[in-house]
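Once you know that position 183 of the sequence shown is 184 in the numbering used here, the rest is easy, because the numbers rise by one and skip nothing. Down below is the structure, laid out as structure tokens.
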Amino acid sequence: MINTSAEYKETILKNRVLHHEAKIEFTDGTVITAQDAELYTFKISDNTSNTNSFDIGAAIAKQLELKIDNIEGTYSERNFSRAKITARVGLELSETTEWLKKGIFYAEPGTLSGDTVSVTALDSMTKFDKLYTESKLQYPATLGQIVRDACSVCDVSMSADTASFPQSSFIVTTRPSDTSLTFRQILQYVGEIACLFFKINEDDKLTASWYNTSLLESENLKENAQTVKIEDYTGTIETDDVVVTGIKVVEENASDSDTEKSETEYLYGAKGYVLEIKENKLIQDGKGASVAEYVGKRLNGLTFRPLTIKCQGDPAVEAGDIAVVTDRKGKEYKTIFTGATYTAKALQELLCGAVSPERLSSTRYSKATQVYKELRKTLTQQRSEFSKALEDLQGAMNEKQGLYPISEKQEDGSNILYFCDKPTRKESKVVIELNAKGWGMSTDGGETWNVGTLVDGTTITKILNTVGINANWINTGALTVKDDDGNTVLSIDANTGKLITKLAEIAGWNVNENAIYKDVTIDSDSYRVYFQPPNTNSGKNTWVFSIQKKINNSYQGLAVIRADGSILSYSEEFNARIEMRHGVLSFIKDGVERGKISISSDGSEFVIYLTDPNAEGAGQELRARSLKECHGGLVSRYWSNASIGTGTDNDKWTVVPAFRTTNDDNIKKPGFISRSNTQVIIQKRGVYQFVVRLAVKSSRANKRCNFAPFVNGERYSSYTDTAYSPVDAWYTSLKTYTLELEKNDRVDFRAASIESISVSLQIYDVNIFVLDYEGKYSL
Numbered sequence: 002m003i004n005t006s007a008e009y010k011e012t013i014l015k016n017r018v019l020h021h022e023a024k025i026e027f028t029d030g031t032v033i034t035a036q037d038a039e040l041y042t043f044k045i046s047d048n049t050s051n052t053n054s055f056d057i058g059a060a061i062a063k064q065l066e067l068k069i070d071n072i073e074g075t076y077s078e079r080n081f082s083r084a085k086i087t088a089r090v091g092l093e094l095s096e097t098t099e100w101l102k103k104g105i106f107y108a109e110p111g112t113l114s115g116d117t118v119s120v121t122a123l124d125s126m127t128k129f130d131k132l133y134t135e136s137k138l139q140y141p142a143t144l145g146q147i148v149r150d151a152c153s154v155c156d157v158s159m160s161a162d163t164a165s166f167p168q169s170s171f172i173v174t175t176r177p178s179d180t181s182l183t184f185r186q187i188l189q190y191v192g193e194i195a196c197l198f199f200k201i202n203e204d205d206k207l208t209a210s211w212y213n214t215s216l217l218e219s220e221n222l223k224e225n226a227q228t229v230k231i232e233d234y235t236g237t238i239e240t241d242d243v244v245v246t247g248i249k250v251v252e253e254n255a256s257d258s259d260t261e262k263s264e265t266e267y268l269y270g271a272k273g274y275v276l277e278i279k280e281n282k283l284i285q286d287g288k289g290a291s292v293a294e295y296v297g298k299r300l301n302g303l304t305f306r307p308l309t310i311k312c313q314g315d316p317a318v319e320a321g322d323i324a325v326v327t328d329r330k331g332k333e334y335k336t337i338f339t340g341a342t343y344t345a346k347a348l349q350e351l352l353c354g355a356v357s358p359e360r361l362s363s364t365r366y367s368k369a370t371q372v373y374k375e376l377r378k379t380l381t382q383q384r385s386e387f388s389k390a391l392e393d394l395q396g397a398m399n400e401k402q403g404l405y406p407i408s409e410k411q412e413d414g415s416n417i418l419y420f421c422d423k424p425t426r427k428e429s430k431v432v433i434e435l436n437a438k439g440w441g442m443s444t445d446g447g448e449t450w451n452v453g454t455l456v457d458g459t460t461i462t463k464i465l466n467t468v469g470i471n472a473n474w475i476n477t478g479a480l481t482v483k484d485d486d487g488n489t490v491l492s493i494d495a496n497t498g499k500l501i502t503k504l505a506e507i508a509g510w511n512v513n514e515n516a517i518y519k520d521v522t523i524d525s526d527s528y529r530v531y532f533q534p535p536n537t538n539s540g541k542n543t544w545v546f547s548i549q550k551k552i553n554n555s556y557q558g559l560a561v562i563r564a565d566g567s568i569l570s571y572s573e574e575f576n577a578r579i580e581m582r583h584g585v586l587s588f589i590k591d592g593v594e595r596g597k598i599s600i601s602s603d604g605s606e607f608v609i610y611l612t613d614p615n616a617e618g619a620g621q622e623l624r625a626r627s628l629k630e631c632h633g634g635l636v637s638r639y640w641s642n643a644s645i646g647t648g649t650d651n652d653k654w655t656v657v658p659a660f661r662t663t664n665d666d667n668i669k670k671p672g673f674i675s676r677s678n679t680q681v682i683i684q685k686r687g688v689y690q691f692v693v694r695l696a697v698k699s700s701r702a703n704k705r706c707n708f709a710p711f712v713n714g715e716r717y718s719s720y721t722d723t724a725y726s727p728v729d730a731w732y733t734s735l736k737t738y739t740l741e742l743e744k745n746d747r748v749d750f751r752a753a754s755i756e757s758i759s760v761s762l763q764i765y766d767v768n769i770f771v772l773d774y775e776g777k778y779s780l
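Next up, the structure:
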């Protein structure tokens, strides 16, 4: 809400007189101001979210629509493209008119129609629609650096409150590689991480802010001067409050493939009304969890009512305001205005565009929060930030709005002098205070101070723009720090960015002439990460990189890379280490080498050795070629079995001879099977396949019997099959059984009559194959 005087707040509710003004500065230097009766249409659309959503990280351009009287042809020959338009609305008070600056807009080409000209203009948010490839910012970078760089490249001034914002120190490791990204999308990503929305304020500067949730949740919301109160309205109010239950962040995992990308989801809160942050290219390296937690702590539990209403216009109301809407029955609804459209001589449209709870099953996407414009194809001359600051200062000094002097007498007879933007300090936002200690400037009524100077010469400011600062230790164009003897201990070249120093501490990293290291403590354990070049004492055995832990008051290596490329990894918990050196990977436990993996001398073979003298199989090796070989195959073959009859007793299972004759000695895979005439005994646990050639003869045509394998005397019921012959003759079929068997399992085949008629069976052949077995790769 734009800050207004107490008299304004009373007058706007009565029979008020409003004035509207559009000051148009054309690119040729001509300035024309259209006012009141000349303005057939004066409409400003302001949004902090899309129409049907509650967005995090919006960066939406504010829009001005004008239809201007052109009966005299004043605008017929004017080129409106990129004309600067300053929009103001004034309210007549008892003795003056209080003007509210609604923003600075940049016009698109106008449209002539009869005696009118129509113009649409957008604020400087559209300047961020440049491709991000124009940025030269080096990554890793903080969110603060990313926003400042965007403002610099896109030629947009930054407000003081954007100099430092929540999460501005959040570090992004890798620059987004998408060449189609714009600076506006980058701002949106920043807003999602920091739980902010970006707007261009009335002074044409970028601001970063969020809804005043503390005000929304306060008990005296309706009594607060910052709350918008509405009682007389038309429109719709949803039946249920929105209650945010959770924040879900979907992080894209890094991948070398453009087609195969994986995602990791992080949910902070509970399922229900969940807001989702997705496809944010600044959320990397598993930081999605911390982003979800940060945003969730700010939003979870937030309660407000979605609505769309029209009411008597108040130009002080803006998107982002907190409001209480009271219906004709006196029921009050707390809400957040995510959209505000002010139209002269018409009702104001106000919106809280969140998806209603019943339509939001679990998630919604927080994307597409921009008003997209085509990239400007004309080149613009880039100005230095200092030149832009001077221009902003010139513009501010040309403003016709003054200040009210207020003097506050003290007990000792002295006075504290204030200059305020409203007649009283209580209703003012801009406050300049002068007292015996110095002076300060505030934009929030004196709660915080943006700039000030004490009488001892100390100056505090958020943003400092100057040609240069000259002092004993700072020189124009570079930064040089010298000791008392004149020796340079720190030098930064502004042209190349080169930094020279002998000793430094950077974000906890210690830098000296020999090494870079950082000490950290986790759960009372002390660790050190250490980088150093090879030294003359240790030579190729120098630990060029190491992660060390303090054990018994000395640092010992947990992970080490030596100068010769060898690697060591140590586990204190298991007293074990792995060491790779000269192509051999060794495994040491309790000081004893247990095994190693190496490449053969000619480079053609990969070998695993069991070196522990006390282990089973010590001294044996496993070569990689064995992993390529076939380990399954035929392990046993049987034939010349006798025939039997099932008998006439139904369901009485009779063993069918299957394993009488064999030539297993000629098979190259011994040790799997032992046998008798009627059964085999499994010697190795595995998966076996039995291929049986079975002959059947029914004593009466089509009389059937059941045939099945038995394991340890139990029928394998899923393999039970019906056997018969259509005539009194032998009929042969091939049956295959795949069985998962344990060592010492006993397998045989049995048959049983079904129709009280004896059926004859004879197993001609049985071939047994092993498909997989335990220990096939054992040393």
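Even for Gly, the Cβ is constructed at its ideal location relative to N, Cα and C.
**OP:** May I ask you to list the residues that DSSP assigns as paired with Gln-1?
**Re:** What the structure shows of the chain is the stretch from 2 to 780, and residue 1 is not part of that stretch, so it cannot be assessed.
Original post:
Is DSSP giving Gln-146 helix, strand or coil here?
Top reply: helix
**OP:** Spatial neighbours of Asn-476 within its chain, please: CB distance less than 7 Å, with the 5 preceding and 5 following residues excluded, ordered by chain position.
**Re:** Any reading at Asn-476 needs caution, since the residue's pLDDT is 45, under 50, leaving its predicted position unreliable; the model's value is listed next. Hits under 7 Å: none found.
Original post:
Which of helix, strand or coil does DSSP assign to Ser-637?
Top reply: strand
Subject >> Spatially closest choice to Thr-721 from Arg-705, Gly-584, Trp-731, by CA coordinates >> reply: Arg-705
**OP:** Please specify which runs of the beta strand (DSSP E), each continuous and at least 3 residues long, are wholly inside the region 88–147, giving them in chain order.
**Re:** You should have 98–108, 112–114, 117–123.
**OP:** Identify whether Gly-30 lies in helix, strand or coil by the three-state DSSP scheme.
**Re:** coil
Subject >> Host beta strand (DSSP E) of Tyr-267 (start-end) >> reply: 264–270
Original post:
Starting from Thr-462 and walking both ways along the beta strand (DSSP E), at which residues does that stretch end?
Top reply: Membership of Thr-462 in the beta strand (DSSP E) is indicated by the continuous run 460–462.
Original post:
Could you give the C-beta distance for Leu-308 and Thr-237, rounded to a whole number, given that I count them as a contact under 8 Å?
Top reply: 7 Å
Subject >> beta strand (DSSP E) segment containing Thr-739, residue limits >> reply: 732–742
Subject >> Close Cβ partners of Asn-703 (< 7 Å) along its chain, the five nearest in sequence each way excluded >> reply: Tyr-725, Pro-727
Subject >> Proximal residues to Lys-368 (C-beta, below 6 Å), its chain only, five neighbours per side dropped >> reply: Residue placement at Lys-368 is flagged as unreliable, the pLDDT there being 40, under the threshold of 50; a coordinate-derived value is accordingly withheld.
Original post:
If we call anything under 8 Å between Cβ atoms a contact, is Val-326 one with Thr-339?
Top reply: no
**OP:** Starting from the C-beta of Ser-362, find all residues in its chain whose C-beta is less than 8 Å away, skip the five residues before and the five after it, and write them out in chain order.
**Re:** Unreliable placement is indicated for Ser-362, whose pLDDT of 41 sits below 50; no coordinate value is reported for it.
**OP:** Can you tell me which of the three DSSP states Arg-299 falls into?
**Re:** In the structure shown, Arg-299 sits in a helix (DSSP, three-state: H, G or I).
Original post:
What do you get for Gln-382, buried or exposed, if any count of 16 or more other CB atoms within 10 angstroms of its CB means buried?
Top reply: Its pLDDT being 34, under 50, Gln-382 is placed unreliably in this model, and the value from its coordinates should be taken loosely. By the 10 Å Cβ count, Gln-382 comes out exposed.
Original post:
Sorted by chain position, which residues of the same chain lie with C-beta nearer than 7 Å to Thr-175's C-beta, five sequence neighbours on each side aside?
Top reply: Tyr-140, Gln-285
Subject >> Inter-stretch contact (C-beta, 8 Å, three-pair minimum) for the region 689–698 and the region 732–741 >> reply: yes
**OP:** Classify Val-191 as helix, strand or coil using the three-state DSSP reduction.
**Re:** helix
Original post:
For Val-245, does the three-state DSSP call read helix, strand or coil?
Top reply: coil
Original post:
Within this structure, are the beta carbons of Thr-112 and Gln-64 separated by less than 8 Å?
Top reply: no
Subject >> Where Ser-77 falls: helix, strand or coil (DSSP) >> reply: coil
**OP:** Keeping to the same chain, check which residues put their C-beta closer than 6 Å to that of Glu-350; ignore five residues upstream and five downstream.
**Re:** Lys-311, Thr-342
Original post:
Mind checking Lys-427: buried by the 16 CB within 10 Å criterion, or exposed?
Top reply: exposed
**OP:** Whole angstroms is fine: what's the gap from Asn-536's alpha carbon to Ser-547's?
**Re:** 15 Å
Original post:
To the nearest angstrom, how far is it from the Cα of Val-296 to the Cα of Ile-523?
Top reply: Spanning the two alpha carbons is a distance of roughly 26 Å.
Subject >> CA nearest to the CA of Glu-232, picked from Thr-265, Pro-710, Lys-330 >> reply: Relative to the Cα of Glu-232, the nearest Cα in the group Thr-265, Pro-710, Lys-330 belongs to Lys-330.
Subject >> Where Ser-699 falls: helix, strand or coil (DSSP) >> reply: Correct three-state label for Ser-699: strand.
**OP:** Can you grab the Cα-Cα spacing for the pair Ala-7 / Lys-68, in whole Å?
**Re:** 32 Å
Original post:
Count the other CB atoms within 10 Å of the CB of Ile-461; is the residue buried (16 or more) or exposed (fewer)?
Top reply: exposed
Original post:
Who does Val-692 pair with in a DSSP beta bridge?
Top reply: Thr-737, Asn-768
Subject >> Exposed unless 16 or more other CB atoms sit within 10 angstroms - verdict on Glu-741 >> reply: exposed
Original post:
What whole-angstrom Cβ distance do Asp-773 and Gly-672 have, given they're in contact under 8 Å?
Top reply: No, Asp-773 and Gly-672 are not in contact; Cβ-Cβ is about 15 Å, not under 8 Å.
**OP:** Under 8 Å Cβ to Cβ from Asn-213, same chain only, skipping five residues before and after it: list those, please.
**Re:** Gln-227, Ile-323
**OP:** Pull up the distance between the alpha-carbon of Ser-178 and that of Lys-282, whole angstroms please.
**Re:** 9 Å
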